[in-house]
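Read in order, the letters of the sequence shown correspond to residues -15 to 495 in our numbering. Only one structure is covered here, and it is reproduced in the block below.
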Amino acid sequence: MAAAAAAAGGGGSGTASPTPRGVSIDVRIFLVVIAAAMAVSFGVGVVFGPTTTAELAAARAMAAQRQQQQQRSLLAAQEVAAGGGTVSMSLPAGTDQKDGATKRVIQPRRRPTAHAVELGARIKNFNESGVNNGKASYEDAGDGNIAQRASAHDSAGGFDDDDEHLPQGQHLLVDIKNVNAEFLNSESRLADAMVSVVESAGLTLLSYHCHSLSPAGVSCVGVLLESHISFHTWPEEGVITLDLFTCGPKPLLPVIRDIEAKFGLPRLKANATATAAANPTKDDYEEVKSQWAHELRGFRHPQGRKNNYLDDQSDLAFWVTGEMDMEVKKQIVSTESPFQRIDIWDILDMDDTPSHQDGIKHNLAPDDPRWLTNEVASPERLLFLDGTLQSMSESEREYHEALVHPAMFAHPHPERVAIVGGGEGATLREVLKHDTVTEAVMIELDEMMVDIAKEHLPFMSDCSDLVGSAPSCFDDERATVLYEDGRAYFFDKYGPSAAEKTEEEKFDVIV
């Protein structure tokens, strides 16, 4: 202790000072005092604060009044600014003054903007003209001749003017292989294919240029009114990669089939004989395969992204459109009913392998090497509603069995069952598996969804293995399908104002 005191004294004599410097406080006492003060403060607030309904209402009224005053002040400032387009700010005291007047700084006023992502107001009176804006020129495939054609730069494209000029767009990447080498090495044929794709897509080509490469291959770029299209070819490998970017709301997914048709000219198989090369049949050509990915680009309002079924946060983008490396990616249905958007796709990943059903279908032996590849694997069919995944052909049975049977087995003798939704028919299928059921009422809002499911998802409503049922569960004599809103149905028939129901009219189970 003496050594510590000497060190604290800072002297050089080595003698401890008998008088301690400063005031020592026990930390425990300090914490107790702080806690007690907080408790007292809280108690005072509880006792004397606004606790009754009237006092709380008065407090809210005062807060609302202050907020209204602030809003009036803000509106007054905006009105003043609107007159001259500027806001005046006085400098602090002591700054330079001229002629006895306070020097004022003129600040340009930032105008409110209706831009979806608040990037700022558009430039007014922007009169710069672009290249070929008046008359589009089509540059020939490298021979120096330029063919002039009429411009399509008008309002006939069907775009909304605001959407067309927002800083957003769509990006489509397409890779195609097993393509004819002569076609991939021809500037003119490739240029014709590009022009044809642009025209069929309803886009506007302003100009293009194709350039032959050494020793082989062609690169082309086309300037679109909407943005651009470009591609590069590898004739010996039979590969072409294409890039298409457009602004505006017109969807690009329908263009994929045109690109595959115009650029997917098949090449002969490597082992084709001379006779087959002279007079080839369909079997003498390799199968043209393509990979593609679609992405929304630019700056979009969060709500706009949420509502877009192709946004990269949607299930459709995650499972289908945003993935490039897929063996099969085929659109089966893409339509809109009065109530929702309906999309059905077939997909097959590169590393998918045959299912049990595929093995039976192709009579695969246990040691067949095709078990390890996707050569005979069947694509999986996916159903999306408004971009959200609803069902997958490979796992829908597990999902619907778990959805239906726990409730059905919880009832000792379910006879009358209600199904709210379930337009695919799979829930109805699982309910009809119970032989105690005498009536299954399915209340589905979207009749178009049911019709599409019957045509493109028949396996989900397949009751052919149920004794006494029909091939389609929708045709089972125990099934009744009502096309109306499920909530309104129950509210009208079983709500507080509805007439009392008999035991026979009540449902035993509702799914």
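Glycine residues also receive a C-beta, built at the ideal position from the N, C-alpha and C atoms.
Check	Outcome
Threshold first: 4 residues or longer. Then list the alpha helix (DSSP H) segments lying entirely within the region 390 to 419, N to C.	410 to 415
Between the Cα of S362 and the Cα atoms of F323, P322, V312 and P396, which residue gives the shortest distance?	V312
Apply the 10 Å Cβ neighbour rule to Q91 and answer buried if 16 or more other Cβ atoms are within range, or exposed otherwise.	Because the pLDDT at Q91 is just 45, under 50, the model does not fix this residue reliably, and the point stays unresolved.
Distance check for Q154 and K87, CA to CA, integer angstroms please.	Legend: pLDDT at K87 = 49, less than 50; position of this residue unreliable, value from coordinates given subsequently. The straight-line gap from Cα to Cα measures roughly 51 Å.
Quick one: what does DSSP say P455 is sitting in, helix, strand or coil?	coil
Within its chain, find whatever has a CB closer than 6 Å to the CB of A256; leave out the 5 residues flanking it on each side and keep chain order.	D268
Anyone know if the C-beta pair for M308 and M334 falls short of 8 Å?	no
Judging by CA-CA distance, which residue of V304, Y467, N164 and I18 is the nearest neighbour of L252?	N164
Which residue or residues does DSSP assign as beta-bridge partners of F14?	Paired residue(s): none; F14 is not in a bridge.
Which residue or residues does DSSP assign as beta-bridge partners of C194?	C204
Can G306 and S274 be called in contact, C-beta distance under 8 Å?	no
Evaluate the contact criterion for the region 288 to 301 versus the region 400 to 409: three or more CB pairs, one atom per stretch, below 8 Å.	no
Per DSSP, what kind of secondary structure is Y498 in: helix, strand or coil?	With the chain covering -15 to 495 only, the question about residue 498 has no answer from this structure.
Sort E461, K485, A410 and A349 by Cα distance to V421 and report the nearest one.	E461
Decide if D336 is buried, meaning its Cβ has at least 16 other Cβ atoms within 10 Å, or exposed.	buried
Skipping 5 residues on each side, what residues in its chain have a beta carbon closer than 7 Å to that of D342?	V360, A361 and S362
Just to confirm my understanding: we take V207, look at its own chain, exclude 5 residues before and 5 after, and list those with CB closer than 6 Å. What are they?	L190 and S191
Is the CB of I9 under 8 Å away from at least one CB in chain B?	You won't find chain B in this structure, because it holds only one protein chain.
Which residue from Y478, C231 and E468 puts its Cα closest to that of F283?	C231
Ordered along the chain, which non-local residues of its own chain (more than five positions away) have a Cβ less than 8 Å from that of L466?	V425, M426, I427, E428 and Y473
Since E160 sits in a beta bridge, which residues does DSSP pair it with?	For clarity, residue 160 is Ile in the given sequence; the question names Glu instead. I224 and S274.
Please confirm whether I326 and I316 have their CB atoms less than 8 Å apart.	no
Work out the CA separation of V415 and A437 for me, nearest whole Å.	18 Å
Thinking C-beta only, is V434 closer than 8 Å to G407?	yes
What residues in its chain sit with their C-beta under 7 Å from that of E271, if we drop five residues either side in the sequence?	N162
Taking 8 Å as the threshold (C-beta atoms), are F458 and S377 in contact?	no
Here's the rule I'm using: 16 or more other beta-carbon atoms within 10 Å means buried, otherwise exposed. How should E340 be labelled?	According to the sequence as given, residue 340 is His; it is not Glu. So H340 ends up on the exposed side.
Buried or exposed for I13, please, with buried defined as at least 16 other CB atoms from any protein chain shown within 10 angstroms of its CB.	exposed
So for S170, helix, strand or coil by DSSP?	coil
Hey, L226 and F215: beta-carbon distance below 8 Å or not?	yes
Use the C-beta contact count for Q152: other C-beta atoms within 10 angstroms, 16 or more gives buried, fewer gives exposed.	buried
Over what stretch of residues does the alpha helix (DSSP H) that includes H340 continue unbroken?	H340 to K345
Report the three-state DSSP secondary structure of I9 (helix, strand or coil).	coil
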